Amino acid sequence: MKRTEIKILLNNTPIGTELNIRGWVRNKRTSKNVAFIALNDGSTIHNAQIVVEIAIAETINFSKVTTGASITVIGTVVASQGSNQQIEVVAKSIEILGEANPDEYPLQPKKHSLEFLREIAHLRFRSNTFGAIARLRHSMIFAVHQYFTQNGFFNIHTPIITGSDAEGAGEMFQVTTLNLNQLPRNEDNSIDYSTDFFGKITNLTVSGQLEVETAMAGLSKVYTFGPTFRAENSNTSRHLAEFWMIEPEVAFNDLIDNMDLAEDFLKYLIRYALDHNMDDLLFLSDRLKEEEKSKAEELRSMELIEKLKFVLENQFARISYTEAIEILKNSNPNKKKKFQYLIEEWGADLQSEHERFLVEKHFKKPVILTDYPAHIKAFYMKQSEDGKTVRAMDVLFPQIGEIIGGSQREENYDKLKRRINELGIPEKELWWYLDTRKFGTVVHSGFGLGFERLMLFVSGMTNIRDVIPFPRTPQNADF
RNA sequence: UCCUCUUUAGCUCAGUUGGUUAGAGCAUCUGACUGUUAAUCAGAGGGUCCUAGGUUCAAGUCCUAGAAGAGGAGCCA
Numbered sequence: 003m004k005r006t007e008i009k010i011l012l013n014n015t016p017i018g019t020e021l022n023i024r025g026w027v028r029n030k031r032t033s034k035n036v037a038f039i040a041l042n043d044g045s046t047i048h049n050a051q052i053v054v055e056i057a058i059a060e061t062i063n064f065s066k067v068t069t070g071a072s073i074t075v076i077g078t079v080v081a082s083q084g085s086n087q088q089i090e091v092v093a094k095s096i097e098i099l100g101e102a103n104p105d106e107y108p109l110q111p112k113k114h115s116l117e118f119l120r121e122i123a124h125l126r127f128r129s130n131t132f133g134a135i136a137r138l139r140h141s142m143i144f145a146v147h148q149y150f151t152q153n154g155f156f157n158i159h160t161p162i163i164t165g166s167d168a169e170g171a172g173e174m175f176q177v178t179t180l181n182l183n184q185l186p187r188n189e190d191n192s193i194d195y196s197t198d199f200f201g202k203i204t205n206l207t208v209s210g211q212l213e214v215e216t217a218m219a220g221l222s223k224v225y226t227f228g229p230t231f232r233a234e235n236s237n238t239s240r241h242l243a244e245f246w247m248i249e250p251e252v253a254f255n256d257l258i259d260n261m262d263l264a265e266d267f268l269k270y271l272i273r274y275a276l277d278h279n280m281d282d283l284l285f286l287s288d289r290l291k292e293e294e295k296s297k298a299e300e301l302r303s304m305e306l307i308e309k310l311k312f313v314l315e316n317q318f319a320r321i322s323y324t325e326a327i328e329i330l331k332n333s334n335p336n337k338k339k340k341f342q343y344l345i346e347e348w349g350a351d352l353q354s355e356h357e358r359f360l361v362e363k364h365f366k367k368p369v370i371l372t373d374y375p376a377h378i379k380a381f382y383m384k385q386s387e388d389g390k391t392v393r394a395m396d397v398l399f400p401q402i403g404e405i406i407g408g409s410q411r412e413e414n415y416d417k418l419k420r421r422i423n424e425l426g427i428p429e430k431e432l433w434w435y436l437d438t439r440k441f442g443t444v445v446h447s448g449f450g451l452g453f454e455r456l457m458l459f460v461s462g463m464t465n466i467r468d469v470i471p472f473p474r475t476p477q478n479a480d481f
């Protein structure tokens with residue numbers, strides 16, 4: 003008999019239907035005459051309740067039906083006598099597909115710590131929490147492509163191995179086929195890369211932006227959605243060495259258009275989650291509430307679904323860096339010297355505590371900060387007439403901080419070239435990038451959205467290692 | 001990389017001022033139970049107290065170094 007997914011079973015299967023369901027046992031409860039199996043196949047957060055009469059149990063080695071075992075059940079859909087589910091399946095036959103030795107199987111029908119689940123990342127797809135995260139993650143991936151498709155964008159696969167080290171977005175992982183125990187040397191003892199696979203130094207990409215800008219200058223509306231690698235020694239709950247980034251780039255868009263795109267895009271994704279993943283969101287919300295019980299009242303965050311709706315219904319605040327400095331300068335924490343880094347003058351880089359103050363205390367909603375001092379931002383950003391700032395924008399979210407970083411790009415060939423030289427970036431590595439400004443240059447803008455940071459916000463999880471299946475962080479590349 | 005905290009049973013955690021044989025809940029196993037909901041009840045088994053040194057008559061407990069994990073900071077998405 004063909005398998006019926008548990009999601010289908012629970013949605014609209016009429017009483018009396020005979021069907022086959024398969025999955026992994028979450029829990030088994032036995033009494034004298036009847037046993038109950040909670041079965042999950044990952045199609046939904048919900049389990050199917052299998053009712054096993056003693057006569058059926060006796061046909062198999064029922065003691066081997068343990069938490070974690072995989073089974074296939076043929077049975078009949080009936081109205082449930084219990085109160086926790088509408089329907090259940092009375093088994094006619096059960097077959098054990100794969101046993102799970104209870105002495106070795108680490109998942110129990112109880113709440114596990116997220117740290118423990120991380121240590122068994124290969125099994126945590128079978129937990130409620132990570133199952134919900136995985137389904138939500140898929141939904142968000144799909145929604146990203148759907149949003150851009152509906153809005154006339156084209157997806158561009160930018161290279162993962164890059165030959166340019168001029169992107170300036172952090173430490174890179176080197177890619178080489180050279181024998182590290184026996185490196186070929188030049189006469190001056192430097193390493194001879196001419197015999198390396200690409201004949202030069204290559205690294206894993208830290209951003210697809212420069213390449214995707216070349217696609218923009220031809221297709222107008224493009225985006226990348228790919229893996230990104232940063233070899234920073236970052237040990238925080240919001241950094242990964244390998245993460246996924248979405249980078250739209252749009253010709254003829256200025257900074258205002260860019261902000262409109264970022265806000266519309268984020269709201270679309272959040273709305274998509276609310277429309278398509280309510281079961282998982284409700285579970286994650288309950289989980290979060292449970293977790294927050296142990297926190298002091300003032301440290302608790304808004305309930306997850308309420309928070310998502312709140313972001314949807316409110317305009318993001320949009321202020322310039324200069325305005326932000328004024329707000330911070332006159333803020334209570336600054337006057338009372340509560341900030342670790344006090345705001346004294348224009349030009350200072352904003353610290354996490356300042357961003358959090360603006361988002362969580364002052365505006366109490368997402369904030370887009372624009373027009374930062376040029377000296378704290380990347381070379382490619384559009385230089386303003388004031389000569390001091392660039393047309394940059396960061397979208398700041400509560401708890402997460404910077405979820406998007408973007409800008410209008412400098413489209414003027416001479417200005418861009420001058421900035422590259424000022425910063426000592428090797429110009430000859432960027433000849434192809436400069437060509438986009440040399441031939442038919444256009445005003446254009448784009449941004450980078452950290453996909454896992456979006457996942458943090460939408461799922462309400464607090465550690466980025468719990469929203470990606472196999473996190474890569476310093477000293478950890480297991481699985 | 002810096003600061004702070006943590007590391008005791010399969011999991012989550014107690015463990016007093018350094019003092020007998022290191023405990024609990026859950027899980028596992030055995031049994032009981034007329035339909036359970038992380039079932040319930042009774043019993044049993046289960047320990048390199050993170051590692052290596054040190055102090056002491058005596059160390060899970062104190063000291064030093066290291067490892068791993070967490071929170072915060074920096075870097076950023």
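So the first sequence is numbered by our numbering: it starts at 3 and just counts up by one.
Idealized CB from N, CA, C, for every residue including glycine.
Keep in mind it's a predicted model, so treat the numbers as computed, not measured.
Am I right that Thr490 and Tyr415 are in contact with their C-beta atoms under 8 Å? What's the rounded C-beta distance? Outside the shown range of the chain, which is 3 to 481, sits residue 490, and nothing can be said about it.
Whose C-alpha, out of Ala380, Ser239, Phe359, is nearest the C-alpha of Thr464? Considering only alpha carbons, the answer is Ser239.
Output the distance between the C-alpha atoms of Arg467 and Lys9, rounded to the nearest integer angstrom. Computed Cα separation, rounded: 27 Å.
Enumerate, from N- to C-terminal direction, the unbroken alpha helix (DSSP H) stretches of 4 or more residues contained entirely within the stretch 345-387. The qualifying runs are 354-358.
For Lys338, which three-state DSSP category applies? Under the three-state reduction of DSSP output, Lys338 falls in the coil class, being neither helix nor strand.
Thinking C-alpha only, which one of Leu290, Ser45, Asn157, His114 is nearest Phe459? It is Leu290.
How would you label Gln410, buried or exposed, when you count the other beta carbons within 10 angstroms and need 16 or more for buried? Answer is buried; the Cβ neighbour count reaches 16.
Own chain, CB closer than 7 Å to Arg126, minus 5 neighbours either side, in chain order: Correct list, in chain order: Leu119, Phe132.
For the stretch 97-117 against the stretch 147-156, are there 3 or more C-beta pairs whose distance is under 8 Å? In short, these stretches do not touch, since the Cβ pair count stays below three.
Indicate the three-state DSSP secondary structure (helix, strand or coil) for Asp190 in the structure shown. Residue state, collapsed to three classes: coil.
CA-to-CA distance, Met280 to Ile258, given in whole angstroms: Near 33 Å, if we compare the C-alpha coordinates of Met280 and Ile258.
Taking one C-beta from the stretch 150-164 and one from the stretch 186-197 each time, how about it: are there three or more such pairs within less than 8 Å? Judged by Cβ distances under 8 Å, the stretch 150-164 makes no contact with the stretch 186-197, as fewer than three pairs qualify.
Taking one C-beta from the stretch 75-91 and one from the stretch 41-57 each time, how about it: are there three or more such pairs within less than 8 Å? At 8 Å Cβ cutoff, the stretches touch.
Going by DSSP, what residues sit across from Ala93 in a beta bridge? When beta bridges are read from the DSSP output, Ala93 appears opposite Gly77.
Since Leu398 and Leu425 should fall inside the 8 Å C-beta cutoff, what is the C-beta to C-beta distance between them, to a whole number of angstroms? Your pair Leu398 and Leu425 does not check out as a contact, with CB atoms roughly 26 Å apart and the cut at 8 Å.
Between which residues of its own chain and Leu306 is the CB-CB distance below 7 Å, once the five residues before and five after are set aside? Correct list, in chain order: Leu283, Leu286, Ser287, Leu290, Gly462.
Return helix, strand or coil for Ala233, following the three-state DSSP convention. Coil at Ala233, not helix or strand.
When you compare each of Asn237, Ala233, Phe254 to Glu244 by their alpha carbons, which one comes out closest? Cα-wise, what sits closest to Glu244 is Ala233.
What's the gap between the Cα of Arg139 and the Cα of Ala275? Roughly 9 Å between the two C-alpha positions.
Please report the distance separating the alpha-carbon of Thr6 from that of Asn22. Approximately 6 Å between the Cα atoms of the pair.
Which value, in whole angstroms, describes the spacing of the CA atoms of Gln346 and Lys331? Sequence check: residue 346 is Glu here, not Gln. Using only the alpha carbons, I get a separation of about 7 Å.
Check the DSSP bridge columns for Leu451 and list the partner residues they point to. DSSP, once it has assigned bridges, lists Ile248, Ile406 as partnering Leu451.
What are the uninterrupted segments assigned as beta strand (DSSP E) that are 3 or more residues long and contained completely in the stretch 180-229, given in chain order? Those beta strand (DSSP E) runs which fall completely within the stretch 180-229 and span 3+ residues are 204-206.
Roughly how many angstroms separate the alpha carbons of Asp351 and Thr372, rounded to a whole number? Near 13 Å, if we compare the C-alpha coordinates of Thr372 and Asp351.
Who does Gln176 pair with in a DSSP beta bridge? DSSP lists Asn205 as partners of Gln176.
Please report the residue range of the beta strand (DSSP E) in which Ala145 lies. Where Ala145 is concerned, there is no enclosing beta strand (DSSP E), although the alpha helix (DSSP H) it sits in stretches over 130-152.
Between the Cα of Lys30 and those of Met3, Asn13, Ala59, Thr15, spot the shortest distance and give me the residue it belongs to. Checking every option, the nearest Cα to that of Lys30 belongs to Ala59.
Three-state secondary structure (DSSP) at Asn29? Reduced to three states, the DSSP call for Asn29 is strand.
C-alpha gap between Pro476 and His241, whole angstroms: When rounded, the distance between both Cα atoms is 10 Å.
Which same chain residues, not among the five before or five after Gln88, have their C-beta less than 8 Å away from its C-beta? Result list for Gln88: Leu12, Ala81, Ser82, in chain order.
For Ala253, I'd like the list of residues in its chain whose CB is within less than 6 Å of its CB, leaving aside the five on either flank, ordered along the chain. Counting only Cβ-Cβ distances below 6 Å, and skipping sequence neighbours, we find Met218, Ser222, Val444, His446.
With DSSP run on the structure shown, which of helix, strand or coil describes Ile329? Annotated three-state conformation of Ile329 is helix, per DSSP.
Would you kindly check if the distance between the Cβ of Phe155 and the Cβ of Val224 is under 8 Å? In contact: Val224 and Phe155 (Cβ atoms closer than 8 Å).
Among Phe341, Ile321, Ser95, Ala40, the one whose alpha carbon lies nearest that of Ala503: The requested residue 503 does not occur in the structure, where the chain is confined to residues 3 to 481.
Can you tell which of Phe449, Val208, Arg358 has the C-alpha that lies nearest to the C-alpha of Asp396? Residue nearest to Asp396 within the set Phe449, Val208, Arg358 is Phe449 (criterion: CA-CA distance).
Below 8 Å on the Cβ atoms is my guess for Tyr382 versus Leu418; work out the distance and round it to an integer in Å. The beta carbons of Tyr382 and Leu418 sit about 7 Å from each other, so the pair counts as a contact at 8 Å.
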